[in-house]
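Worksheet: the structure to be examined is printed underneath.
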Amino acid sequence: MAALMMAGRPVAEAVLTSLAPRIDALVAAGHRPGLGTILVGEDSASAGYIRMKQTKAAELGLTSPHIHLGQDASQADVLAAVREMNEADDVDAVLLQHPTPPQIDFDVALLALDPDKDVDGLHPVNMGRLALGMPGPVPCTPAGIEALLAHYEIPVSGREVCILGRGTTLGRPLALLLSQKRPTANAAVTVVHTGVPDWADYTRRADVVIAAVGVPGILRPEHLTPGVTVVGGGVRYEGKKLLPDVDESCEDVAGAITPRVGGVGPTTIALLFRNAVEAAERRAAGRPTA
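For the sequence shown, the numbering used here begins at -16 and goes up steadily by one.
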């Protein structure tokens, strides 16, 4: 039997549809949500990513204030842009686009961002909130993966989930998220990585395997048990070519799997906008995150 193909677009559409009445309510109350963006440099992929966010923001009814700094921008210039977004009354959430030019310390800029406006959920304060189970912006790709599994009714609660990869943007926050006590989580989560020589022993034991390494084709059929659910979260680009962690031949073994293109990507974008709307709701109500 062919594997269930878990496309991300239906999941993203469901999330974005659920946001429409919330955005309408905010606008009716005199608070139009705003997603601010900061781009440093001339990276074409980053510029395209920002344009796509601005287009989607307009479709949803959000404003999208934008600051574009040149390739030779200084750290002081970036910090000034972050402060401007922090202080802007028409900005509820901020996307600081990565990567930045080599002279910019992205982590320093991220630390300067107001945690309640951190739409990516990657500020250390928000990572701490996630670890403690406190309300706050959740990293978008992990949240999108949880939404994807829930949409396709993949059992997670009480099951073994193995995450291959320990990165701060995906593997680690996803482990925290899926181990929380919630119907769409509550899993027994194991995190392995390329420093574990026998990592395949863990993936073969799992009910759900999530690849989040950024090593093309690292996960292959021999690393899986037939019928397993496989989510490809990690990718690398070779020019414009996308190289996923999950080898396409895994489709022959998996019971359910994300497609090579159009799996986790659309859900990440949808959850970013959910973070933005939730930030607007908190600000409109005049209450801090935590």
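From the three backbone atoms N, C-alpha and C, an ideal C-beta is built for every residue, glycine too. In this text, all values refer to a predicted model and were calculated from it rather than measured experimentally.
Backbone secondary structure at residue i - three-state DSSP
{"i": "M35", "result": "helix"}
{"i": "L22", "result": "strand"}
{"i": "V139", "result": "coil"}
{"i": "A(-15)", "result": "coil"}
{"i": "P120", "result": "coil"}
{"i": "A(-10)", "result": "coil"}
{"i": "A237", "result": "coil"}
{"i": "G244", "result": "The residue you asked about is not Gly; residue 244 is Val in the sequence shown. Here V244 sits in coil by DSSP."}
{"i": "G127", "result": "helix"}
Residue j beta carbon less than 8 Å from that of residue i
{"i": "H176", "j": "L147", "result": "yes"}
{"i": "A262", "j": "A76", "result": "yes"}
{"i": "T46", "j": "D73", "result": "yes"}
{"i": "G217", "j": "R(-8)", "result": "no"}
{"i": "V236", "j": "P204", "result": "yes"}
{"i": "V(-6)", "j": "L131", "result": "yes"}
{"i": "C145", "j": "V213", "result": "no"}
{"i": "V174", "j": "R149", "result": "yes"}
{"i": "R265", "j": "V(-2)", "result": "no"}
{"i": "L157", "j": "R187", "result": "no"}
{"i": "I21", "j": "Q58", "result": "no"}
{"i": "L96", "j": "E129", "result": "no"}
{"i": "A189", "j": "E143", "result": "yes"}
{"i": "V10", "j": "L52", "result": "no"}
{"i": "G269", "j": "G238", "result": "no"}
{"i": "E67", "j": "I50", "result": "yes"}
{"i": "G17", "j": "P48", "result": "yes"}
Those residues which DSSP pairs with residue i across a bridge
{"i": "G280", "result": "Residue 280 falls outside the range modelled here, since the chain spans only -16 to 273, and no answer is possible."}
{"i": "L226", "result": "R219"}
{"i": "E10", "result": "Residue identity check: residue 10 is Val in the sequence provided, not Glu. According to DSSP, which records beta bridges pairwise, V10 is partnered with nothing at all."}
{"i": "V144", "result": "V172, V191"}
Next on the checklist: Could you tell me which whole beta strand (DSSP E) segments of length 3 or greater appear in the segment 147 to 224?
Outcome noted: 171 to 175, 191 to 194, 212 to 215, 218 to 221
Next on the checklist: Count Cβ pairs between the segment 100 to 117 and the segment 228 to 245 that sit closer than 8 Å; are there 3 or more?
Outcome noted: no
Next on the checklist: Extract the residue ranges of the beta strand (DSSP E) inside the segment 43 to 111, only unbroken runs of 3 or more that lie entirely within it.
Outcome noted: 49 to 52, 76 to 79
Checklist entry - Is the segment 176 to 189 in contact with the segment 242 to 252, if contact means three or more CB pairs nearer than 8 Å? => result no
Next on the checklist: Can you confirm whether the segment 33 to 46 touches the segment 62 to 71 when touching is taken to mean that 3 or more C-beta pairs between the two stretches lie within less than 8 Å?
Outcome noted: No: fewer than three Cβ pairs fall under 8 Å.
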